[in-house]
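Let me begin by presenting the structure, written as structure tokens, before commenting on it.
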Amino acid sequence: MVRLQGRAPGPRQGERAHLPEGAPGYCRGTRGLHPGGRDAASHGHRERRRGGDRTLSEDPAAGARRQALAALARREHTRGELQRKLALRGHAEKTIGVVLDELAQQSLLDEHRFVEVFVRSRAGRGQGPVRIAQEMRARGVPDELVRTGLPVQDSLWAQHARKVLAKKFPTAIGDLKDRAKRIRFLEYRGFSHAQIAAALVGSANADHHD
Numbered sequence: 593m594v595r596l597q598g599r600a601p602g603p604r605q606g607e608r609a610h611l612p613e614g615a616p617g618y619c620r621g622t623r624g625l626h627p628g629g630r631d632a633a634s635h636g637h638r639e640r641r642r643g644g645d646r647t648l649s650e651d652p653a654a655g656a657r658r659q660a661l662a663a664l665a666r667r668e669h670t671r672g673e674l675q676r677k678l679a680l681r682g683h684a685e686k687t688i689g690v691v692l693d694e695l696a697q698q699s700l701l702d703e704h705r706f707v708e709v710f711v712r713s714r715a716g717r718g719q720g721p722v723r724i725a726q727e728m729r730a731r732g733v734p735d736e737l738v739r740t741g742l743p744v745q746d747s748l749w750a751q752h753a754r755k756v757l758a759k760k761f762p763t764a765i766g767d768l769k770d771r772a773k774r775i776r777f778l779e780y781r782g783f784s785h786a787q788i789a790a791a792l793v794g795s796a797n798a799d800h801h802d
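The sequence shown begins at 593 in this note's numbering and counts up one residue at a time.
Shown next as structure tokens:
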């Protein structure tokens with residue numbers, strides 16, 4: 593009885609043919625396919641796609657502008673503040689300068705507006721001109737803008753100091769120790785000696801009339 597020899601096993605439908613090592617078109621590491629085959633084409637496509645991503649990556653100036661606008665959307669900033677923030681993000685000094693110049697030209701970065709908002713905010717917290725000026729300089733506001741941005745009338749600041757003092761110390765001034773305590777409080781808040789003296793006199797007069 594003669595046994596019929598079965599057909600040599602081959603690739604099933606949908607499977608790739610695996611070439612034996614040494615056969616034409618064989619390349620180790622590519623599952624038997626030549627580098628010009630479908631796997632290699634897919635690899636080349638991925639490489640081109642990655643290269644395209646790098647080509648289409650965000651321009652440094654555009655990235656710096658986007659980050660600066662995000663900071664300005666939260667609150668007003670000085671130029672110095674934005675310079676420091678963008679530098680920490682790794683942007684080049686030249687790029688930062690160009691971006692901030694453009695924002696200033698478009699009135700999106702305005703240090704005069706920053707000073708106006710800052711003074712009003714800090715005064716609302718009970719701070720005096722000395723402390724407000726120190727904080728503005730620490731944020732990079734130029735000295736000239738600090739001087740012009742703060743009200744100069746001592747009488748206005750003395751009145752403000754008196755209100756701040758009355759909120760903290762609603763009772764009349766007691767002994768010298770109590771008076772010294774109030775002076776230290778107003779000094780910490782950032783009022784000048786002249787403003788503190790005027791505030792204490794006004795407070796004493798108000799207590800006397802009461």
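Where is the CB? At the ideal position from N, CA and C, for every residue including glycine.
For residue i, the first and last residue of its enclosing alpha helix (DSSP H)
i    : result
H752 : 746-760
D693 : 685-697
S713 : 703-716
A663 : 652-666
L678 : 671-680
With 16 other Cβ atoms within 10 Å as the buried cut-off, status of residue i
i    : result
G766 : exposed
G720 : buried
R671 : buried
H669 : buried
A696 : exposed
L772 : Sequence inspection shows Ala at residue 772; the Leu mentioned does not correspond to that position. Per the 10 Å Cβ criterion, exposed.
H785 : exposed
L674 : buried
V744 : exposed
V707 : buried
A665 : exposed
L701 : buried
L768 : exposed
Residues near residue i by beta carbon distance below 6 Å, same chain, minus five either side
i    : result
T753 : Here residue 753 is Ala; the residue named in the question, Thr, does not match the sequence. These residues qualify, in order along the chain: L778, F783, Q787, A791.
Chain-order list of residues whose beta-carbon lies under 8 Å from that of residue i (same chain, five-residue window excluded)
i    : result
A656 : L678, R681, H683, T687, I688, V691
P734 : E703
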